[in-house]
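Below is one structure, written out as structure tokens; comments come after it.
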């Protein structure tokens with residue numbers, strides 16, 4: 163083999179020894195994909211009709227999306243049957259209602275937005291339970307960063323026909339004689355080391371309208387909610403068949419300027435001089 167060929171083989175051998183370790187050190191290991199959800203409207207109401215002789219659960223959601231499979235929905239209305247004398251009943255109508263959930267590039271994110279919306283409950287055909295101009299909620303979980311939850315309410319809010327002023331993070335009670343009571347919680351946010359959740363507006367509803375053939379409506383209504391969970395990453399492991407060398411396991415190499423790839427690079431460095439000596443000896447014999 164020519165001298166140049168020997169040097170090429172030696173160099174390739176050294177790089178092959180160091181290469182798998184460097185790749186293992188740089189590439190994140192497999193882990194959980196992370197999760198994200200978003201919903202524009204969710205109801206959990208119990209409706210008692212005909213003087214409590216008929217109980218109908220009013221459970222509905224609008225634009226409920228979940229990821230890892232990225233999804234987006236923009237439906238504007240929710241209609242139910244069987245709670246208004248057999249006629250279709252509209253729970254919510256809005257000019258804009260959008261929810262989106264994605265998990266990609268190490269980031270899980272859910273977002274929901276509702277604009278110019280009216281929510282109705284059975285028994286109050288002409289009076290909205292609540293009207294809002296705009297509410298939004300966003301939850302973002304990015305690998306290596308702290309999760310973030312955000313929620314906002316913009317513009318006026320009207321509850322049972324009464325204009326109200328809400329306090330972020332606080333509770334507001336609205337009582338309308340002869341109609342009922344609504345408790346509102348604005349901008350609720352929670353975060354942990356790996357998760358985030360944001361709710362723009364949550365209503366605890368207790369409505370008992372007089373002489374409207376509806377005995378009672380109780381439960382909760384949620385407007386604009388988003389959650390996320392940070393995708394997991396795992397620590398890389400050495401390439402198969404290669405034993406870690408040097409100090410004991412867990413030794414801190416940073417203080418000496420080393421890294422997890424140092425043993426393999428050092429092995430390659432030793433291989434190069436040895437190959438060079440062999441080439442020189444062979445050349446002398448030929449001379």
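Numbering (my numbering), first residue to last: 163 to 449.
Where a beta carbon is used, it is the ideal one built from N, C-alpha and C, also for glycine.
Note that the structure is a prediction, hence the values are computed from the model and not measured.
- Residue pairing by DSSP places residue 217 opposite 210 in a beta bridge.
- Rounded to whole angstroms, the separation of the alpha carbons of residue 395 and residue 253 is 42 Å.
- The distance from the Cβ of residue 385 to that of residue 276 is about 6 Å, consistent with a contact at the 8 Å cut-off.
- With three or more CB-CB distances shorter than 8 Å, the segment 309 to 318 counts as touching the segment 292 to 301.
- Here residue 262 is buried, its C-beta having at least 16 other C-beta atoms within 10 Å.
- Pairing residue 357 with residue 390 gives a Cβ-Cβ distance under 8 Å.
- In the DSSP assignment, the residues bridged to residue 233 are 263.
- Ranked by how close their Cα comes to the Cα of residue 360, the residues 335, 379, 303 and 380 have 303 in first place.
- Residue 197 carries a strand assignment under DSSP once its states are collapsed to helix, strand and coil.
- The C-beta distance from residue 305 to residue 392 rounds to 6 Å, short enough to meet the 8 Å contact threshold.
- About 6 Å separates the beta carbon of residue 285 from that of residue 379, a gap short enough to meet the 8 Å contact definition.
- Distance between residue 256 and residue 196, taken at the CA atoms: about 31 Å.
- By the 16-neighbour rule on beta-carbons within 10 angstroms, residue 308 is exposed.
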